[in-house]
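See below for the structure under consideration.
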Amino acid sequence: MTAAGDNAADYVEGSILRVKLENVLTYDSVEFQCGPYLNVIIGPNGTGKSTIVCAICLGLGGKTSFLGRAHQPSDYIKYGNDKAKIELELFNPDGENYIIQRQIFKNNTSNWMVNGRGAAHRTVEETVSRLNIQLGNLCQFLPQEKVADFAKMTQQELLENTEKAVGTPEMYENHQKLKHTRNDSRNLELGYNNLFQRVEQEVQKNSHLEHEVKNYEERQRHLEKIKLLEMKKPWVEYEEQRRHYQAEKLKKDAMSEELRKAQREFRPLKQKLEEAESKVKKLHNEMVKLVDKVKGHATQAHEKSNQIEAESDKVLEVYEELKFRQQEEVTRKKLLHDLRRQLGALENELASSSHGEDIQPAIDKVNQEARAINASLTHNQQAANTIQGEVESGRQEMYGYQRELQQLQNVSNRRLELLRQCHRHTYEAVIWLRANKHRFKATIHEPMILTVNVKDASDAKYIESHVSFNDIRAFVCEESEDLNLFMDVMRDEQKLKVNAISMPSQPLSSFKPAFRLEDFRKYGFRCYLKDMIECPEAIMRYLCLQYHVHSIMIGTEKTKAMVERVIQENPRLTSFYTANNQYAIRRSKYDGELARRNTQLKKPSLLTVALDNQRIARLQQSIQDCQTTLQAAEQKYSKLQQDSRELDTRLNQLRNEKKELSKQKDRKRTLLSQIETKKQSISRKEKEGLDMEGEKRKAADKIRQITVKKCQHLQVLKDQTKHCFELGMARVRLSLAHALAKKETTDIETLISDQSQSLQNLERANIEMKERLRQTKDRAKQLLDIAKQATGTSNSEELSSELKQAFEALPRTVDEIDSCIHEQRVRADCKFQTDERIVKEFNTRKRDIAQMQRELANKKDALERHQTVMEKAKQEWLTPLKSLVNRISQNFSLFFQSLHCSGEVDLSVPENPEDYEKYGIRIKVKYRDTEPLRELTPFHQSGGERSVATVLYMMALQELTNCPFRCVDEINQGMDPINERKVFELVVHTVCKRSSSQYFLLTPKLLPDLEYSDNMRVLCVYNGPLMMNHTEWRLKKFIHRRQRLTEEVG
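Positions in the sequence shown are counted from 1; adding 520 to them yields the numbering used here.
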């Protein structure tokens, strides 16, 4: 059905006038015209409606990712052909229309032509961009596979797509410019604030040091005055020393005259002293000779006295030796008596002791029992060692099982960590569910990523390719009430975005394979997809119902090599896997043509961590068996240990009995040995007896001989003592004469000494005076040098007039100068001594602060200029944006009111209005009177409700559009009939106005009795083996014939 003649003026630049396809997916060849307003493309599923959308996208240079279907352009070539051709004619009001042609080849290369001339892909993209055709903008181009993605767009993405779709080019550019300049503004503000804080810190640091610097300067003034005083002090000291030198020189001349007079009076006394000293020396020599004689006689007398004492000591030694002999004899007799007494006791004990003939049998009996016990102990020890070895081996075996079990159980934790990384909300929901299972009636199974176990990790790629990620992370509820409660808690309480599904009611046994695997093994098929996994029954039911895992067969490389044969020989087969590829086959209901899709399997990332449940069960049973065996062995070992302890106790008792019997047997032998030893000792002591009378006579003879020698020594001692006495008297007389001579010498010496002392004092004083005078002169010269050095005056120069003038204001004496120096130093010390480095740091920082303040002023000016520019750009962007959003909201609200619902669109402004990257468009809808307005999300509304909101939002953009065309594929899927009818009528009413741009609406069906417009065009898609080629159609002739038949019937 077409409108009655389309006027070129109704088209806008870039509108699609004609579409021509060759060998594109389901089409061999097709060409059709498009109306300027609403184009409804209708046809059963699989006939090729979505192929038209794909062709428009690919023909205008769009990426395959915009479609969400195959990844390579070659996948859109019809099965069995080497190339495909797409030709699109776009309206150009200023001349020749744009005819864009694209040929796609099997090797994914393409040839482009524009108006019959070869062109580059970039040229086509520039033409499409100039015409404002935005194939990647879901607000303008919404393929079937991307319908769900519209509701998933964030507020920020929706805003940018809306700006590109209906806003002015400057609006989107200004938005991007604001986001970039906002970053520059942050950097400028950060630089300004950092520099401002740094200036404040530096000023604060200098303010803390300012007092110390003032103290330093005041202290320096005191130190300068001290320096000047110290320069004057040596000059004053020099002047005082010079005056002192002149006075000392006069004293030295008077002292020299006094010395010469004393020397003349001292000379006669020396001769008289020499004569007295000669007499004393003569008497001294005579006394020395006499003393030597006395010493000789005294020495001889002393020697005789020592000899007498030695003889007396010999007498005492004779008496001591005799006494020792007597004591030794008494000791011998006493010991002999004791030995005889001990011998009698031993003989009595020997006579009274029993014989040992009856002891040996008892000892033999004890030995026999001990050997039996030792044999039992050895046997028990060997058995215990054997059991202990078995226990240790069993423990090692059990520890091995436990370590292997722990490694297998760690797989679950690794899966949980993987879930946390790939979807945080689902991970937090799992943690919450594990702690709150009691709140639900039945079991809620954790997501498949945690509960589905792939038997072979290499097969995980099939599961991840076949099951969507949304279902892999979905919770499976066995009760529908639990599902509602769980989702309410997640959305409203936990604020988590998670997926949950309900367990199918069909039992697992009801899911039978559509094909017998045995019939397909010849092609290399090895198993069903279901056979590769283990999971709870509720999850398996869902996978069988939703994904037919019980019927999907898995092939090998052999299958891939035979894929053409598999498809041809098995027309009912619609989906299967080879080693690394997924094949999907669709057959046209009309002509039986095949359309297949071959997808390369991606590398798995979620289910590669496999959990071997059977191995875990076997390990747990093995651990339990080991524990039982170990417990029995330990009990047996404890029993052996108890028996061994009892045998040890009995063995110790037997050892003690044997020890006592052995003692009794050995006692007689010991007594006989002791008796023989005592008899030998008695015999030896009897032979050692002494003759005491003979010993006494020997001692008396020795004492008489010693007494004779003592008398001889006494006579000689008497003679020597007499000679010593006579010589001593002569020495006394000579000593008196020597003392008188000595006294005379002493008197003369005293007189000389008195006069000599006076002379020496004069000489010493004269010498000291000369030395003092020399030192005074040297000191004066030294002070002069010090004074000149202190003032920096050379030796040939006089003190400068400036210093003389400065010295005039200072004290004139050394004491006054010292007092003044002390006063100034005390004042300087009262000021805290500041490190020169602090002062240097203060001055350096002061200069730096001035430099930074200049930089701060420059940064402030730059920031203010930048903020002015940003504010201007913000107004240029935000004001028209708010106006645009208000207009969109008005249209959106009117459309919803026509459905007896509520809806609005507003601009989402972040907390900080300067965060331009966080601005977004927020869509709020309300489908029931009892509900509040809620934001459109994938979680709060159903699929049909999201479809209604999506199409109404795009219609709200329709009247504001500045794009050539819009395309929406099967947006009515999931709508109830009432909403579908209302939405369709709104689309017709809105799009078919003269001011609207071109619109493509694809749908597999239309409700009966819909309202249509003259400005819309309905394109019916047919497909099948009986269809004639489109080039053979004569539509005008067909209409004319139809009219004639109607008239004839009438």
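The C-beta atom is built at its ideal place from N, Cα and C for all residues, glycine as well.
Values in this document were obtained by computation on a predicted structure and should not be read as measured data.
Item, Value
"Using a Cβ-Cβ cutoff of less than 7 Å, which residues in the same chain neighbour residue 1194 once the five nearest sequence positions on both sides are dropped?", "866"
"List the whole-angstrom C-beta distance separating residue 1262 from residue 800, where the pair is believed to meet the contact cut-off of C-beta under 8 Å.", "5 Å"
"What are the boundary residues of the beta strand (DSSP E) that includes residue 1097?", "1095-1097"
"Using a Cβ-Cβ cutoff of less than 6 Å, which residues in the same chain neighbour residue 1064 once the five nearest sequence positions on both sides are dropped?", "1031, 1070"
"Using C-beta distances below 7 Å, list every residue in its chain close to residue 1366, excluding the 5 sequence neighbours before and after it, in chain order.", "726"
"From 1225, 1284, 882, pick the residue whose C-alpha is nearest to that of residue 1183; which is it?", "882"
"With three or more beta-carbon pairs closer than 8 Å as the criterion, would you say the segment 909-918 touches the segment 1143-1152?", "yes"
"Between residue 708 and residue 1382, which are expected to be in contact by the criterion C-beta below 8 Å, what is the C-beta distance as a whole number of angstroms?", "6 Å"
"Measuring only the C-alpha atoms, how far is residue 1445 from residue 1019?", "22 Å"
"How big is the Cα-Cα spacing for residue 551 and residue 596?", "17 Å"
"Closest by CA to residue 1424, which one among 530, 1137, 1568, 1443?", "1443"
"Considering only residues of the same chain and omitting the five flanking positions on each side of residue 1059, which have a CB-CB separation below 7 Å?", "965, 968, 971, 972, 996"
"What residues match up with residue 1428 in a beta bridge as DSSP calls it?", "1440"
"Please state whether DSSP places residue 534 in a helix, a strand or coil.", "coil"
"Please list, in chain order, all residues of the same chain as residue 1415 whose beta carbon is under 7 Å from its beta carbon, the five residues on each side excluded.", "1472, 1475, 1476, 1506"
"Indicate the three-state DSSP secondary structure (helix, strand or coil) for residue 1018 in the structure shown.", "coil"
"Tell me, please, which residues DSSP counts as bridged to residue 632.", "622, 639"
"Do residue 532 and residue 580 have their CB atoms nearer than 7 Å?", "no"
"Alpha carbon to alpha carbon, how far is residue 602 from residue 628?", "11 Å"
"Go through its chain and collect everything with a Cβ distance to residue 1430's Cβ below 6 Å, but skip five positions before and after it.", "1438"
"Inspect the beta-carbon positions of residue 1202 and residue 859 and report whether they are closer than 7 Å.", "yes"
"Do the CB positions of residue 619 and residue 609 come within less than 7 Å of each other?", "yes"
"Can you find at least 3 beta carbon pairs, one from the segment 1009-1027 and one from the segment 979-998, that sit closer than 8 Å?", "yes"
"When you compare only the Cα positions, how much space is there between residue 1178 and residue 1165?", "20 Å"
"So, for residue 537: in the same chain, excluding its five sequence neighbours on each side, which residues have a beta-carbon less than 8 Å away from its beta-carbon?", "531, 553, 554, 609, 610, 611, 617"
"Enumerate in chain order the residues of its own chain whose CB-to-CB distance from residue 1236 is below 7 Å, with the five nearest sequence positions on each side excluded.", "824"
"When the Cβ atoms of the segment 1244-1251 are set against those of the segment 776-783, are three or more pairs found closer than 8 Å?", "no"
"Provide the residue(s) that pair with residue 1423 in DSSP beta bridges, ordered along the chain.", "1445"
"Between the C-alpha atoms of residue 1428 and residue 1455, what's the straight-line distance to the nearest angstrom?", "11 Å"
"My guess is that residue 1300 and residue 739 are in contact by the Cβ rule of under 8 Å, so how many angstroms apart are they, rounded?", "Contact flag wrong, Cβ pair sits at about 35 Å."
"Buried or exposed: residue 673, going by 16 or more other Cβ atoms within 10 Å of its Cβ?", "buried"
"Checking 7 Å against the spacing of the C-beta atoms, do residue 982 and residue 1097 come in under that value?", "yes"
"How would you write the range of the beta strand (DSSP E) that residue 597 sits in, first residue to last?", "Counting along the chain, residue 597 falls outside any beta strand (DSSP E), and DSSP gives it neither H nor E."
"Can we say the segment 1524-1544 touches the segment 555-572, given the rule of at least three CB pairs closer than 8 Å?", "yes"
"Using C-beta distances below 7 Å, list every residue in its chain close to residue 943, excluding the 5 sequence neighbours before and after it, in chain order.", "993"
"Using beta-carbon positions only, say whether residue 571 and residue 544 come within less than 7 Å of one another.", "yes"
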